[in-house]
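**Student:** Got a structure for you, written out below as structure tokens; questions coming shortly.
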Amino acid sequence: MRRHIYRLALPNIISNVTVPLLSMVDVGLAGHLGRPEAVGAIGVASGVISLVYWLFAFLRMGTTGFTAQAYGRSDVTGILIQLCRGLLLAIILGIIIWFARDLMYAVGIFLSAGSQSIADETKTYLQYAFAGAPAALMLYVLNGWFVGMQDTRIPMWVAIGQNVLNILLSLILVKYAGLGVAGLAIGTVSAQYVGVLALLTAFAVKYTRLLALISQRHFVSTLHLAVSMGMGGLLLLRTLLLSGISLFFTYASAKFGANTLAANILLMQLFTLFSYFLDGLAYAGEALAGRYIGQRNPYRFALMRRQLFRIGFFVATAIALLYLLFPSFLLRLLTNDATVYNEAMSMVFWISLIPLCSFAAFLWDGIMVGATASGMMLATILFGAMCFFSCYFISVGNLGVWGLWLSFDLYLLFRSLASWKLGKRLRCSY
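Numbering (this note's numbering), first residue to last: 674 to 1103.
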């Protein structure tokens, strides 16, 4: 079982790690522009983009869960419907996002907490970034489908290539072309469309027999549509809560000033780095949970769950120690601003607690995606959100920014506890 987990998880971890490295490069390039506002703008703009795109994360999660279960049943029709219907929906939603981009600018201005310089930089970034909306949502579907097919190597190579291209373009456009934050956005959008083309090409080459079977009915099929839409609706609500907490964290950070906002953005890059390690394991949980549920194999399902959490605990402990013992090296890579660096170092203890507080939540999310248990996922986020906002409004008056970090850590801890409580109810016959 461990071999199955490693086979699926390691390519995901490798490809996922390139994503926070990309984000770190973006933040690092902005941090070396000589303006704290540029780092704040990247953080705010990333929050807005995450809000918008995460609202449609059900495209990936739903595709993974239903495809993995269809794979377990050897249901070719179901496999093709998840791919084709998902891609069509992603294109339509991406175009809608593009036409509604003015609303996103307003959100960015609001999150800038009254700082006109941060608002201007944020709008510049978003003007270019949302041109990639159709590609971003298609990547959700394509990556989810490949994971559901127990195939993580192709998404790994495509993600690595896409992110390397993104980094190179960003370096060229920012450092040599002098385009500032606009260059970061243009590099990201260009790489997203290249990634879509690469995944579609890989599908056509590896799954030639499936390609030959595709017809119009797979794009417009209503098979299990009601179940898919119901799951999508619950996942949409869950994602809205997740995004709301992330955006509120950015908003609350901005209220403490540009330096604190920049410091918190840097620290959140470390959280993002950890989350992509755990997401790699969670993706393995998605693929295997869905597969064993499709096969109605309770023994393999229970064995997978035990092994997954053992590996997850080891990874979380190692990263927690890394953040606690060697924070200076990591933060120096992200900024050369002494004020921002010192501010971040004063709060590094809180980021070192996050791995052990949150690893169970990540892994249970993966298993629940494979089981298409979206109701459970929503319930855990609701509980965690109540804990976060309750703690924040109680503690921030006395603890300041430390109260914000305390609230965030407790949110992740209680979300993990709720996931343990509900997740144990899952059975292979779900």
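Every residue gets a Cβ at the ideal spot worked out from N, C-alpha and C, and that includes glycine.
No experiment lies behind these values; they were computed from the predicted model shown.
Counting pairs of Cβ atoms below 8 Å between the stretch 1040-1054 and the stretch 1006-1018, do you hit three or more?
**Tutor:** No, the stretch 1040-1054 is not in contact with the stretch 1006-1018.
**Student:** Unbroken alpha helix (DSSP H) runs of length 4 or more, entirely within the stretch 887-963: which are they?
**Tutor:** Here the runs fully enclosed are 889-893, 898-927.
**Student:** Quick check on Gln889: buried or exposed, where buried means 16 or more other Cβ atoms within 10 Å of its Cβ?
**Tutor:** Label assigned to Gln889: exposed.
**Student:** Compare the Cα-Cα distances from Ala962 to each of Arg1100, Ala792, Pro684 and report the closest residue.
**Tutor:** Minimum Cα distance to Ala962 is reached at Arg1100.
**Student:** Compare the beta carbon distance of Val717 and Thr795 with 8 Å and say whether it is the shorter of the two.
**Tutor:** Result yes, Cβ atoms of Val717 and Thr795 sit closer than 8 Å.
**Student:** So, for Leu1086: in the same chain, excluding its five sequence neighbours on each side, which residues have a beta-carbon less than 7 Å away from its beta-carbon?
**Tutor:** These residues qualify, in order along the chain: Cys1030.
**Student:** Output the distance between the C-alpha atoms of Tyr996 and Tyr956, rounded to the nearest integer angstrom.
**Tutor:** Taking the straight line joining both Cα atoms gives about 24 Å.
**Student:** Taking the C-alpha atoms as reference points, what is the distance between Leu1090 and Phe1035?
**Tutor:** Near 11 Å, if we compare the C-alpha coordinates of Phe1035 and Leu1090.
**Student:** What does the alpha-carbon distance come out to for the pair Arg680 and Phe982?
**Tutor:** Roughly 16 Å separates the two Cα atoms.
**Student:** Taking the C-alpha atoms as reference points, what is the distance between Arg675 and Leu872?
**Tutor:** Using only the alpha carbons, I get a separation of about 27 Å.
**Student:** For Tyr1103 and Pro971, I'd like the C-alpha separation in whole angstroms.
**Tutor:** Caution is warranted here: a pLDDT of 44 is assigned to Tyr1103, below 50, making its placement in the model unreliable, and the coordinate value is therefore given only provisionally. About 10 Å.
**Student:** From the DSSP output, in three-state form, read off Gln823 for me.
**Tutor:** Correct three-state label for Gln823: coil.
**Student:** Taking the alpha-carbon of Leu934 as reference, which of Val700, Ile678, Val712 has the nearest alpha-carbon?
**Tutor:** When each option's Cα is compared against that of Leu934, the closest is Val712.
**Student:** By a C-beta neighbour count over all protein chains shown, 10 Å radius and 16 as the cutoff for buried, is Ile782 buried or exposed?
**Tutor:** Buried is the call here.
**Student:** What's the gap between the Cα of Gly735 and the Cα of Cys757?
**Tutor:** Their backbone Cα atoms lie some 13 Å apart in a straight line.
**Student:** Give every residue of the same chain whose Cβ lies closer than 7 Å to the Cβ of Ile992, excluding the five residues on either side of it in the sequence, and list them in chain order.
**Tutor:** Phe947, Phe950, Pro1028, listed in sequence order.
**Student:** Please state the DSSP three-state secondary structure of Ala741.
**Tutor:** Looking at Ala741 - three-state DSSP - the assignment turns out to be helix.
**Student:** Mind listing, in chain order, the continuous alpha helix (DSSP H) runs of no fewer than 4 residues lying wholly within the stretch 816-865?
**Tutor:** Runs found: 826-844.
**Student:** Thinking C-alpha only, which one of Leu883, Trp1075, Ser919, Ala877 is nearest Thr945?
**Tutor:** Looking at the Cα atoms, Ser919 is the closest of the given residues.
**Student:** Checking 8 Å against the spacing of the C-beta atoms, do Thr861 and Gly817 come in under that value?
**Tutor:** Taking 8 Å as the Cβ cut-off, Thr861 and Gly817 do not qualify as a contacting pair.
**Student:** Taking the alpha helix (DSSP H) that Ser646 belongs to, which residues open and close that run?
**Tutor:** Given a span of 674 to 1103 for the chain in the structure shown, any question on residue 646 remains unanswerable.
**Student:** Thinking C-beta only, is Leu1079 closer than 8 Å to Ser1068?
**Tutor:** Cβ distance < 8 Å, so Ser1068 and Leu1079 count as in contact.
**Student:** Alpha carbons only, please: which of Ile984, Tyr849, Leu724 is nearest the one belonging to Val780?
**Tutor:** If we check each option's Cα against that of Val780, Leu724 comes out closest.
**Student:** Rounded to the nearest angstrom, what separates Leu1003 and Gly701 at their Cα positions?
**Tutor:** Taking the straight line from one Cα to the other gives about 11 Å.
**Student:** Hey, is the stretch 738-745 in contact with the stretch 909-918, meaning 3+ C-beta pairs nearer than 8 Å?
**Tutor:** Contact between the stretch 738-745 and the stretch 909-918 is absent, because fewer than three Cβ pairs lie under 8 Å.
**Student:** The alpha helix (DSSP H) with Arg979 in it runs from where to where?
**Tutor:** Run containing Arg979: 971-998, per the alpha helix (DSSP H) assignment.
**Student:** In chain order, what residues of the same chain lie with their CB nearer than 7 Å to the CB of Arg978, ignoring the 5 residues before and after it?
**Tutor:** Closer than 7 Å at the Cβ level, and outside the excluded window around Arg978, lie Ile1040.
**Student:** Measuring straight from C-alpha to C-alpha, what distance separates Gly903 and Leu870?
**Tutor:** Taking the straight line joining both Cα atoms gives about 30 Å.
**Student:** Count the other C-beta atoms from every protein chain shown that fall within 10 angstroms of the C-beta of Met1059, then say buried if there are 16 or more, exposed otherwise.
**Tutor:** Looking at its Cβ environment, which holds fewer than 16 other Cβ atoms inside 10 Å, Met1059 is exposed.
**Student:** For Ala985, which residues of its own chain have a beta-carbon under 6 Å away from its beta-carbon, when the five flanking residues on both sides are left out?
**Tutor:** Checking the displayed sequence, the identity of residue 985 turns out to be Gly instead of Ala. Contacts found: Leu954, Phe1032, Leu1036.
**Student:** Confirm, please, whether the CB-CB distance from Tyr1084 to Gly1048 is below 8 Å.
**Tutor:** Contact: no.
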